[in-house]
Amino acid sequence: MSKAISIEDLTYAYRSQEIPALQHIQNEIQEGSLVVVLGHSGAGKSTLCTSLNGIVPHFFRGRYQGRVFIKDLEVARHKVAEMSRHVGLVLQDFEPQLFSTNVELEMAFGPENLRLPRGEIKRRIETYLPFLGLEHLRRREPASLSGGQKQRLAISSVLTLEPEILVMDEPTTDLDPRGREEVLAIARRLQEEKRTLLIVDSDPETAVRADQVWLMREGRISAQGPPGEILSDIPGLQACGVKVPGLIELFVEMGWPGKPLDINEAVSLIEKHDLAQKGGLHPPKPSESGMKGNCILRVEGLVYAYPGYGLEALRGINLEIREGEFVALIGQNGSGKTTLAKHFNGLLKPSAGRVLLKGRATTEYKQQQVSRLVGYVFQNPDHQIFCNTVYDEVAFGLKTLGDPLPSMNVRVAEALETVGLMGYEKKVPFALSKGERQRVAVASVLAVRPEILILDEPTTGLDEKQQRALMEMLRSLNARGHTVLIITHSMEVAAEYAARAIVMKDGRVLLDGPTRWAFAQEDRLKEASLHPSPLVRLSNRLGTRALTVKQMVEELKG
Amino acid sequence: MNIFLYLERRTWVHRLDPRGKVLGVLLLFSLCLCFNHPLYMGTITLSILGIGASARVLFNFWRLRFILILLLIFGTLMWPFFAKGPTPLWSWGPMVVSRESLFYGIAMGLRLSSLVMAGLILLSTTRNEEMTHSLIGLGIPYPVAFAFSTALRLIPTLAGAGATIIQAQVSRGLDLESGNIFRRMGKFIPQAIPLFLYAIRYTNLLAIALESRGFSPGTKRTFYYELKMTPKDYEILVVLGALLAAALYLRLGMGLGAVLPGRL
Chain H
9 MSKAISIEDL TYAYRSQEIP ALQHIQNEIQ EGSLVVVLGH SGAGKSTLCT
59 SLNGIVPHFF RGRYQGRVFI KDLEVARHKV AEMSRHVGLV LQDFEPQLFS
109 TNVELEMAFG PENLRLPRGE IKRRIETYLP FLGLEHLRRR EPASLSGGQK
159 QRLAISSVLT LEPEILVMDE PTTDLDPRGR EEVLAIARRL QEEKRTLLIV
209 DSDPETAVRA DQVWLMREGR ISAQGPPGEI LSDIPGLQAC GVKVPGLIEL
259 FVEMGWPGKP LDINEAVSLI EKHDLAQKGG LHPPKPSESG MKGNCILRVE
309 GLVYAYPGYG LEALRGINLE IREGEFVALI GQNGSGKTTL AKHFNGLLKP
359 SAGRVLLKGR ATTEYKQQQV SRLVGYVFQN PDHQIFCNTV YDEVAFGLKT
409 LGDPLPSMNV RVAEALETVG LMGYEKKVPF ALSKGERQRV AVASVLAVRP
459 EILILDEPTT GLDEKQQRAL MEMLRSLNAR GHTVLIITHS MEVAAEYAAR
509 AIVMKDGRVL LDGPTRWAFA QEDRLKEASL HPSPLVRLSN RLGTRALTVK
559 QMVEELKG
Chain Z
18 MNIFLYLERR TWVHRLDPRG KVLGVLLLFS LCLCFNHPLY MGTITLSILG
68 IGASARVLFN FWRLRFILIL LLIFGTLMWP FFAKGPTPLW SWGPMVVSRE
118 SLFYGIAMGL RLSSLVMAGL ILLSTTRNEE MTHSLIGLGI PYPVAFAFST
168 ALRLIPTLAG AGATIIQAQV SRGLDLESGN IFRRMGKFIP QAIPLFLYAI
218 RYTNLLAIAL ESRGFSPGTK RTFYYELKMT PKDYEILVVL GALLAAALYL
268 RLGMGLGAVL PGRL
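Protein sequence lines correspond, in order, to chains H and Z.
Quick note, our numbering runs 8 ahead of the 1-based positions in the first sequence.
Quick note, our numbering runs 17 ahead of the 1-based positions in the second sequence.
This is how it looks when you write it as structure tokens:
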């Protein structure tokens, strides 16, 4: 086999940055292999991706040393447009990648730039449409597709350039579980076709099928090897801010032989070595728990249709949320989670039915009164940050609600302490990392001391360490009496932190009850195209009560 | 939410060559400028509505009805104060409105909304790519044409982001319900900052995506959809051209179709 990519002592620093984003990268990729790159945020993964097709150093200016070869082409010596014939790049954000008015034209854009004749463009479109399962969508407008379809289209629009190498930078981060599965299925097919693939991802599950896994840390490749070896190196993964696969962590903690990468492997290991007895778990019925506290939010027969659209986004929701609960709202994109949550703070008004906040309909409140009671953190912190200093940002809510100055200082300090950003008052929010900006956004909502805190996809785009810090903070807020509701795609986050799960599908509530009970209903979850993490599925098979590695170890060791 | 104007339909207007369509709309624009008598102008407005109906894009007229009606009303109300005519109709202090200037106002209102409707027909029946392609066909350099069509595409994206940003601020207590219109407008200004940063980030990523797919400005490219002027395209251009010539003759040669002959 010959080399598809070779990187020779590559060091790169963005202009105006002291510390290089990549430091002395030395590596190669064989033709036809799948390499998965894992690492903390800011480790240089994206920079590595863009250095393979020449965006670095042609688009971003900076200090560039070393050489990158694609076959025998030196990347820095060729224009990005020339490199695009050899290296296809797919980005995390699908929106900016799709700019044409229909699927066909999106796929034609690359070949048009290569000045291919019309017949050849047609041949390529006809080849890749069925390959990515997009035939029935050829005349559709990209904006009208689902997340998974959009990312598949982004991949296909790069594939029509027929590059030998495909590089995907976090292609599944913004997707719901079904979309993620769709994209990974495509990656597997490409792998079977013996294409050279490099995928950056935050989830180690992706790496299970890789030929090689690279771990990145602070601009360097700290370890590489086959998945079995890299994924079972717990200290190595933790040092790089990568989540340790639950099953491996469990086996190591229990001192069991073997390091299973998937659930079937784990079950057969357990049976073979007779490691654990099946317990007789009867998950608690929904009515037995969750009865503490007064009802703070009550939804009665809620129906909502977006104006101008006949389709109902919510079709008859009934539920009750009590003071001090920690609730996870889960479901696919378009199942109505965000629409429902926006009713809780009065951003949307019911088409039928009502939402009672502390016994009074949200429509009877003024918007500002609702804002005091219900804090809502949007998915993207950059949608709300606009002040010059962290202090002003956090104080914004208090100012607009007209709080007096002395108490404002106290409140701001308190909120920053809660999110672990003491001493950040004078910093410029835009210069902070994504994880820190997310926390500023939470602090700015917390400063108002809302009783209910709603967070839309709080962990998206954060690495393992940042996720953990944010979720632990929410847990401590919950312990201090705040009612917390998160909207999330991450079944792991829901399993670990939420006591109650509400599963939505097509504008209705499919399951509502204690998380342990809900996650035991694997068949019902499948109806919503959801499946719990391998660890929870193992827990279901073994009949244990645990939802996390720690709980499982305690339970099994007795 | 769909905020794009293009409507996927199969009508004769959609099938026209986009270059011909751009020229045709320019001819329609010129026709709109020929008369300032409400009856003549009204005939043109009705014809444009008719074309819109047969192109099955009335849905877009309906979506933008507020703008169209606003243009109509404002034109009708504002112009009489600026254009003076000989037959006084109504006066209050120094303000005089004449019969002619009222008619002139109505014609101007009709003209403005007709111009917008003609433009809407073009945008609703022509894909962005076809538009770019036709602009190139009409002699405009590719980078300029591409920038134009990308700008058109960015508007709905930014509008969507803007709506989210406002919602995020409202949930933080931004009060958009009280105060007069100017104070409320003032509260919107800070929201431009996140929107601006979003736009910068978005266009940066867009540029990366474009380059990664082999785009480089200034070089030649092929087009997947073929442009072809058919006899029908020429027929329509000839008919519109003849109509324009006739209109010009009516107005300039015979002095018809104008309530205030000295004005456009």
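Note that CB positions come from ideal geometry on N, CA and C, so glycine has one too.
With a beta-carbon spacing of about 6 Å, F404 (chain H) and S452 (chain H) fall inside the 8 Å limit used to define contacts. In the three-state reduction of the DSSP assignment, E26 (chain H) falls in the coil class. Ranked by Cα distance from Y251 (chain Z), the options Z:R26, Z:K38, Z:R27 are led by Z:K38. Ranking H:N272, H:P265, H:T214, H:L283 by CA distance to the CA of V252 (chain H) puts H:T214 first.
Around the C-beta of A226 (chain Z), 16 or more other C-beta atoms lie within 10 Å, and the residue is accordingly described as buried. Note on the segment 39–100 of chain Z: whole alpha helix (DSSP H) runs with a minimum of 4 residues are 55–71, 75–80, 82–99, in chain order. By DSSP's assignment, K11 (chain H) forms a beta bridge with H:Q38. Contacts with chain H at 8 Å (Cβ-Cβ) do not include K249 (chain Z). Bridge pairing for G233 (chain H): H:V221 [DSSP]. About 13 Å separates the beta carbon of Q159 (chain H) from that of P185 (chain H), a gap too long to meet the 8 Å contact definition. In the DSSP assignment, the residues bridged to K513 (chain H) are H:R516. At the C-beta level, F394 (chain H) and Q208 (chain Z) come within 8 Å of one another. Between the segment 372–387 of chain H and the segment 341–357 of chain H, the count of C-beta pairs closer than 8 Å reaches three or more; the two stretches touch.
In the structure shown, C57 (chain H) falls within a helical segment according to DSSP collapsed to helix, strand and coil. Taking 8 Å as the cut-off, the Cβ atoms of I123 (chain Z) and T93 (chain Z) count as close. Annotation: the continuous alpha helix (DSSP H) that includes Y121 (chain Z) extends over 116–142.
Listed along chain Z, the residues sitting closer than 8 Å to E120 (chain H) by beta-carbon distance are R238, T239, F240, Y241.
Partner residues in the beta bridge of L493 (chain H), as assigned by DSSP, are H:V335, H:I462.
Secondary structure note for Y314 (chain H): it is in no beta strand (DSSP E), with a DSSP letter that is neither H nor E. Leaving aside the five residues that flank Y72 (chain H) on each side, the residues in its chain whose CB is nearer than 6 Å to its CB run, in chain order, Y20, P65. Neighbours of D219 (chain H) in chain Z, taken as residues whose beta carbon is under 9 Å from its own, are absent, since the nearest beta carbon is some 24 Å off. For M115 (chain H), the CB contacts under 6 Å within the same chain, skipping 5 residues up- and downstream, are I133, S164, S165, T168 in chain order.
Under a criterion of Cβ atoms nearer than 8 Å, no residue of chain H is adjacent to F76 (chain Z); the nearest Cβ is some 11 Å distant.
Taking R228 (chain H) as the centre and dropping the five residues before and after it, the same chain places the C-beta of Q31 closer than 6 Å to its C-beta, in chain order. By the rule that beta-carbons nearer than 8 Å mark a contact, L113 (chain H) touches chain Z.
Chain-order list of chain H residues neighbouring Y23 (chain Z): T109, by C-beta distance under 7 Å. 8 Å or more divides the Cβ of L161 (chain H) from the Cβ of L205 (chain H). Bridge pairing for I78 (chain H): H:I13, H:L81 [DSSP]. I157 (chain Z) sits in coil when the DSSP states are folded into three classes, being neither helix nor strand. Listed in chain order, the positions of the segment 24–47 of chain Z with a beta carbon within less than 8 Å of a beta carbon of chain H are E25. Taking the CA atoms as reference points, K357 (chain H) sits about 9 Å from V363 (chain H). Residues of chain H with a Cβ closer than 8 Å to the Cβ of G235 (chain Z) do not exist; the shortest Cβ-Cβ separation is about 11 Å. N388 (chain H) sits in coil when the DSSP states are folded into three classes, being neither helix nor strand. Looking only at H:L454, H:G187, H:K442, H:N388, the smallest Cα-Cα distance to V420 (chain H) is reached by H:L454. One alpha carbon belongs to D209 (chain H), the other to T181 (chain H), and they sit about 8 Å apart. Going by DSSP, R476 (chain H) is part of the alpha helix (DSSP H) stretching over 472–487.
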